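Going by the numbering used here, the sequence shown opens with residue 251, and the numbers climb by one from there. Step one of this worksheet: look at the structure below.
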Amino acid sequence: MSDQEKHDVLVIGTGIIGVMSALYLQSQGRSVTLLERGEIARGASSGNAGILAFPEIIPIPAPGLMKKAPRWLFDPLGPLSVPPSYALQVAPWLWRFWRASSESAFRHGLKTQISMMKLSAAEMDVIRAMPELSGFITNTGTLDLYDSEVSFNAAAADWAEKEKAGFVFNRVGRDEIEELQPGLAPQFQHAMFTPGGLQVSEPYEFTKAIAKLVIARGGKLIEGEAQRLEPRSDEARVTLTGGKTLDAAKVVVASGAWSKNLGASLGENLPLETERGYNTTLPDQAFNLTRQLYFNDHAFVVTPLSTGIRVGGAVELGGLSLPPNYRRSEALLGKAAKFLPGLTTEGGKQWMGFRPSMPDCLPVIGASKASPAIIYAFGHGHLGLTQSAATGKLVSDLVAGRDTSISIDPFRAGRFG
Ligand SMILES: Cc1cc2nc3c(=O)[nH]c(=O)nc-3n(C[C@H](O)[C@H](O)[C@H](O)COP(=O)(O)OP(=O)(O)OC[C@H]3O[C@@H](n4cnc5c(N)ncnc54)[C@H](O)[C@@H]3O)c2cc1C
251 MSDQEKHDVL
261 VIGTGIIGVM
271 SALYLQSQGR
281 SVTLLERGEI
291 ARGASSGNAG
301 ILAFPEIIPI
311 PAPGLMKKAP
321 RWLFDPLGPL
331 SVPPSYALQV
341 APWLWRFWRA
351 SSESAFRHGL
361 KTQISMMKLS
371 AAEMDVIRAM
381 PELSGFITNT
391 GTLDLYDSEV
401 SFNAAAADWA
411 EKEKAGFVFN
421 RVGRDEIEEL
431 QPGLAPQFQH
441 AMFTPGGLQV
451 SEPYEFTKAI
461 AKLVIARGGK
471 LIEGEAQRLE
481 PRSDEARVTL
491 TGGKTLDAAK
501 VVVASGAWSK
511 NLGASLGENL
521 PLETERGYNT
531 TLPDQAFNLT
541 RQLYFNDHAF
551 VVTPLSTGIR
561 VGGAVELGGL
571 SLPPNYRRSE
581 ALLGKAAKFL
591 PGLTTEGGKQ
601 WMGFRPSMPD
611 CLPVIGASKA
621 SPAIIYAFGH
631 GHLGLTQSAA
641 TGKLVSDLVA
651 GRDTSISIDP
661 FRAGRFG
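Laid out in C-alpha cells, this is it:
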C-alpha cells in the first residue's frame, strides 16, 4: 500500500536533530513531514542534561585515554562500562575508537569540533531569538570542578585549547566556588568558571516545543516505523513496518541510535553504537542548585532544570536491547550526595538514554552513498542538543543543494571505509 501523496522532505525521527532539521527546512520554504514510530521527542533528547556545551571541543578519544580506560572498566559502576554479554559485539567499535585517539586523529577531531561548535553557538543564537523558543534557553554559567590541584593541572592543556578557540572562562578558588555554588564538599578547591555557559531549561519540553512549532507552521506528523529506504530516480521511498510506503523528494535520517539499520537497508555498514547514559531527576527542593556543575574527575554533571535537579552521565557500551542497569543511576546519585552534602536523594526518577555514537565522536551529516535524496543526520553522541541547530542548518543547506558554511567532509558516513 502506498501513501498517494508525495512528500517534499520526510524527516525520520522527532528527537532534537529531527525537529531542529525540520524547523530549518521550513524556514527555507520546504514542506516537511515528520515520521515517528513512538511518542514525539521521547528518545535520547528527552532526558539529557540540557547543557549547551559549546566549549566542549576536546574530542573524547584523546591520546592517553586508553591508559585511564582499563581502570574505569574494572569498576562496573564507574564512568565507563561494557557489559560482558556485549563485549564481543562492541569490540570493532572500540578498536576504531582507539584508532581515533592517535595524536593526528585527535588534532583533526579538535579542529572539526571547533568549527562545528562555532556554528552551533551561532545557530543556537538564532533559535534563542525566536519568541516561541527563547524562554527555554538560560545563561546560568558553568562550574567545572576538580577533586585536586593535580587533576586541575592535568586538564590545563584542554583549557588552553579552549582559550585558543576563543572561549572565555576564569580559574576560581574555594571562596569563589562557595559563592558560585554554596554547599559543595570542602574537597573542591579548584575549578574553572565559564560565565557564558548556557543550558536549556528542560530538554524534553524544548524538543516538544520545536515539534509543536513545526506542526503549527504546516508540518505534518505521521506515526510509523521506517524499516527500509530505497533510492528511486530523483527521490526516495521509505517502507514502513506493515508494508506501507512513503515517497519523498528528500528523506532525512535523524533516527538517533537506531539509524544504523536504515543505513544498512541502503547497503551501508555504519559503525554506529550507543553510549548508554543514566541519570536521576530529583524534585526541585532536593538542593539549592545555582547552575550546571561538571564533576570532571567523575564524568558526571548536575543540572538545575525547570522540572527538578538532574544528576547524570556515565557511558555504558551495552547496545540497544539489554535492559537498563539502574544501579548506575544510583551510583551517580551516591557520588552527588557526597559532593553536595545537603542533597536530598529521595523521590527521584531514574532514566536511561541511548546516545548515538560514532567511534571518532563526530556526527554523520551528509548525503548517503546510495542517493543524494537521502541525507543522514545522526551520531551526535554526547553533544546532540548542543549541535542540533548547526545540524539543522547544515541539513537545510544540503537539501537545498547549497554549499555549507563549514566543511562537512569530516562527517562523511563512509569515513571509516
Ligand atoms: C545521560 C545523557 C546526557 C546527555 N546530556 C547532553 C547534554 O547535556 N548536552 C548535549 O548536547 N547532549 C547531551 N546528550 C546527548 C543527546 O541527548 C543526544 O546526542 C541527542 O539527544 C540525540 O538526538 P537524536 O535526535 O539524534 O536522537 P533521539 O533523541 O534518540 O531521537 C531519535 C528519534 O527517532 C525515532 N526513531 C528511531 N528509529 C525510527 C524509525 N525506524 N522510524 C521512525 N522513528 C524512529 C525515535 O523514536 C526517536 O524519537 C546526553 C545524552 C544522555 C544519554
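We put the beta carbon where it would ideally sit given N, CA and C, even for glycine. Computed from a predicted model, the values in this text were never measured in an experiment.
Under 7 Å between C-beta atoms of residue i and residue j
i, j, result
"residue 582", "residue 551", "no"
"residue 604", "residue 294", "yes"
"residue 370", "residue 640", "yes"
"residue 656", "residue 354", "no"
"residue 644", "residue 615", "yes"
"residue 629", "residue 608", "yes"
"residue 564", "residue 527", "yes"
"residue 271", "residue 422", "no"
"residue 441", "residue 397", "no"
"residue 516", "residue 479", "yes"
"residue 660", "residue 392", "no"
Spatially closest choice to residue i from the options, by CA coordinates
i, options, result
"residue 449", "533, 374, 620, 344", "374"
"residue 451", "534, 508, 278", "534"
"residue 624", "279, 487, 492", "487"
"residue 464", "439, 660, 281, 341", "281"
"residue 647", "626, 636, 633", "626"
"residue 532", "557, 420, 548, 546", "557"
"residue 522", "537, 529, 506, 536", "506"
"residue 620", "595, 514, 381, 493", "514"
"residue 471", "460, 423, 478, 520", "460"
"residue 606", "618, 568, 592, 584", "568"
"residue 637", "265, 255, 260, 256", "265"
"residue 438", "358, 310, 548", "548"
"residue 544", "481, 385, 350, 585", "585"
"residue 431", "347, 666, 529, 537", "537"
"residue 406", "333, 308, 664", "308"
"residue 283", "273, 257, 593, 490", "257"
"residue 418", "383, 435, 444, 404", "444"
Any non-hydrogen atom of ligand 1 within 6 Å of residue i CB
i, result
"residue 530", "no"
"residue 586", "no"
"residue 628", "yes"
"residue 285", "yes"
"residue 546", "no"
"residue 558", "no"
"residue 527", "yes"
"residue 429", "no"
"residue 513", "no"
"residue 329", "no"
"residue 478", "no"
"residue 346", "no"
"residue 605", "yes"
"residue 635", "yes"
Bridge partners - residue i, DSSP secondary structure assignment
i, result
"residue 394", "442, 544"
"residue 606", "524"
"residue 626", "503, 616"
"residue 559", "532, 554"
"residue 330", "565"
"residue 420", "443"
"residue 458", "Paired residues: none, contrary to the question."
"residue 647", "Paired residue(s): none; residue 647 is not in a bridge."
"residue 256", "497"
"residue 599", "531"
"residue 490", "476"
"residue 482", "485"
Any non-hydrogen atom of ligand 2 closer than 6 Å to residue i Cβ
i, result
"residue 298", "Annotation note on ligand 2: not contained in the displayed structure, which lists ligand 1 as its ligands."
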